[in-house]
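For the sequence shown, numbering that gives the first Met the number 0 begins at 0 and goes up steadily by one. Working notes, beginning with the structure itself.
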Amino acid sequence: MKLLKVIIIPVFLFLSSVLSAQQEGDRVLAIVGNDIITESDFQYQLQLYARQNQLQEISPYIIQQIFQSIITNKIILAKAEQDSIFVSEDEINRELDNRIKTLVSQVGSEEKLQEVYGMSLTKIKILLKEDLTKNMKADKLKRQKFSGGVRISDNEIKEFYESYKDSLPNVSEEFEIASIVMERKVSDSEKKEARRIAEQILDSIRSGVDFSELARRNSSDSMSAIQGGDLGSAKKGTFVKEFEDVVFSLSPGEVSGIVETQFGLHIIKLNEKIGDNVKSQHILIRFPKFESSDFETINFMNDLKEKINKGEITFEDAAKTHSDDPQAKKTAGYLGKIPAEQFDSLTIEVLRNLTPGQITDPVRVGTDSEYGYQLIKLIQLIPAHPLSLKDDYDRVKKFAENYKESTEMEKWIEELRESIFVDIKM
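What follows is the structure in structure tokens.
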């Protein structure tokens, strides 16, 4: 295979191009089944890898591995299409919501995500949905093939460790912790202020002021605001339930009242409805963030910490009772051993200054648009060390399982190649 030279360019260019149709002159690198891999698709995957691993350049070996990984995924997808693997609309929408949340957390806010993609959140969802559906079909086929999981014996684990121990990565510094997380709640005063603004805008609409002009001047959805609040054409399942229930109940040309969702307050105008598709506009008024609401949460958590330190309540019971993390109900706040690189530098410094059993002050977590506060209890600090079969058996086992699964996957892919057309043009 002829290796491509990697050119690192701003990620927003790839994020924009990957969501658009194949451009004229975009070189086809491979054909797999009925699908193609273009040069722009491949460059996007390289850029994504570079960004995730904070690299300025990628070695030829890694480039080749990424290309082979793309081919493998396309082969599995082609087989999934052959076998008519079905994924329900509900499954796709749940995964889509999770994917959007992940993207938002990576860039910092919904506004930044829309800025990076150069389009509204609704349009991002629509364009991501097709690729997500394909990936979920491929994943479903893989789960069916390896539904029993990879079974590995103690002897296989020991043999793997002896063969590859010099190549296995060191265990990085870790913090074994428990935590109590409380989401920042929207206060009554914040809701009241947002509703006051929404009612003023709604009054203007009812008095004849142009909806599009009001959206451009007032909507907090910056990307759709540029286009007068236009959300384009969308199918059922695209919007959150509260929004969708209202938009599909309107008649063309009708404007809704004030609709509350997790994003804030909306005023919705339906422009067209054909079956399960609607074209609509909206004006979004986000809930303002008053410092007083943050202080309420911080003060409550400081009081809770004091009660724990005084022995009035255990950390575990406090986590079960007060944490907004669903897992806290099952684990009493226990998060296990977390690698240091998963924390920001300030949190690492705070944790290193604790002794086992101590609790941090409230630490802010989350994005600018969705955040909360966290109390972290240090159970123990585990220094970085070479991987040991005795002390890190579960980690070694996981590496051994992955190796065995990878070997079995390679055999399966070779079998699939017998029935899937593959033409690599590089």
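Cβ coordinates follow ideal geometry from the N, Cα and C atoms, glycine included.
What number of angstroms, rounded off, separates the C-alpha of residue i from the C-alpha of residue j?
| i | j | result |
| --- | --- | --- |
| I6 | G117 | Residue placement at I6 cannot be trusted, given a pLDDT of 35 that sits under 50; what the coordinates show is reported in the next sentence. Each residue's alpha carbon lies about 22 angstroms from the other. |
| S108 | N97 | 15 angstroms |
| Q67 | E400 | 21 angstroms |
| L264 | I297 | 26 angstroms |
| Q341 | G365 | 13 angstroms |
| Q21 | D34 | Only weak support exists for where Q21 lies, its pLDDT of 47 falling under 50; the value from the coordinates is given anyway. Whole-angstrom Cα-Cα distance: 12 angstroms. |
| G356 | Q379 | 8 angstroms |
| Y372 | D360 | 9 angstroms |
| V395 | V421 | 35 angstroms |
| I196 | S119 | 22 angstroms |
| N72 | D393 | 28 angstroms |
| E198 | V149 | 59 angstroms |
| E369 | K157 | 45 angstroms |
| S58 | I65 | 11 angstroms |
| S211 | E243 | 20 angstroms |
| A327 | A29 | 47 angstroms |
| F247 | Y163 | 59 angstroms |
| G428 | I282 | There is simply no residue 428 to check, as the chain begins at 0 and stops at 425 in what is shown. |
| E404 | E348 | 38 angstroms |
| I200 | K190 | 15 angstroms |
| T121 | S232 | 9 angstroms |
Indicate the three-state DSSP secondary structure (helix, strand or coil) for residue i in the structure shown.
| i | result |
| --- | --- |
| D220 | coil |
| R416 | coil |
| K139 | helix |
| A233 | strand |
| T457 | Here the chain comprises residues numbered 0 to 425, so residue 457 is not present and cannot be evaluated. |
| K389 | coil |
| D275 | coil |
| T359 | coil |
| T260 | strand |
| V364 | strand |
| K288 | coil |
| E311 | coil |
| N401 | helix |
| R150 | coil |
| T406 | helix |
| L429 | Nothing can be reported for residue 429: it is not among the residues displayed for the chain, which extend from 0 to 425. |
| N169 | coil |
| Q46 | helix |
Do residue i and residue j have their CB atoms nearer than 8 angstroms?
| i | j | result |
| --- | --- | --- |
| I62 | L45 | yes |
| K272 | V254 | no |
| S186 | F289 | yes |
| V106 | V115 | yes |
| K128 | I75 | no |
| G227 | Q280 | yes |
| I337 | I176 | yes |
| K136 | A79 | yes |
| N270 | K234 | no |
| A339 | F174 | yes |
| Q261 | V239 | yes |
| I375 | I358 | yes |
| L213 | S223 | no |
| V170 | H384 | yes |
| L54 | I91 | no |
| A193 | F294 | no |
| S188 | Q113 | no |
| K144 | W411 | yes |
| V31 | K424 | no |
| L377 | L353 | yes |
| S95 | K124 | The amino acid at residue 95 is misidentified as Ser; the sequence shows Leu. Result yes, Cβ atoms of L95 and K124 sit closer than 8 angstroms. |
| S225 | I266 | Residue 225 is actually Ile in this sequence, not Ser. Contact: no. |
| E182 | D323 | yes |
Look up residue i in the DSSP assignment and give the residues it is bridged to.
| i | result |
| --- | --- |
| K182 | The question names Lys, yet the displayed sequence has Glu at residue 182. Answer is G371. |
| P325 | Beta-bridge pairing links P325 to no other residue. |
| F174 | I337, L380 |
| D458 | This structure cannot settle anything about residue 458, because the visible part of the chain is limited to 0 through 425. |
| L283 | H265 |
| I36 | A29 |
| V254 | K268 |
Please report the residue range of the alpha helix (DSSP H) in which residue i lies.
| i | result |
| --- | --- |
| S162 | 153-163 |
| T101 | 88-106 |
| D202 | 187-205 |
| I347 | 344-351 |
| D209 | Unbroken run through D209: none, as it is neither H nor E. |
| F242 | 240-246 |
| L112 | 109-116 |
Measuring only from the beta carbon, is residue i closer than 7 angstroms to any heavy atom that is part of the ligand SAM?
| i | result |
| --- | --- |
| K424 | In the structure shown, the ligand SAM is absent, as is every other ligand, since no ligand is present at all. |
For the beta strand (DSSP E) that residue i lies in, which residues bound it at each end?
| i | result |
| --- | --- |
| T71 | Counting along the chain, T71 falls outside any beta strand (DSSP E), though it belongs to the alpha helix (DSSP H) covering 59-81. |
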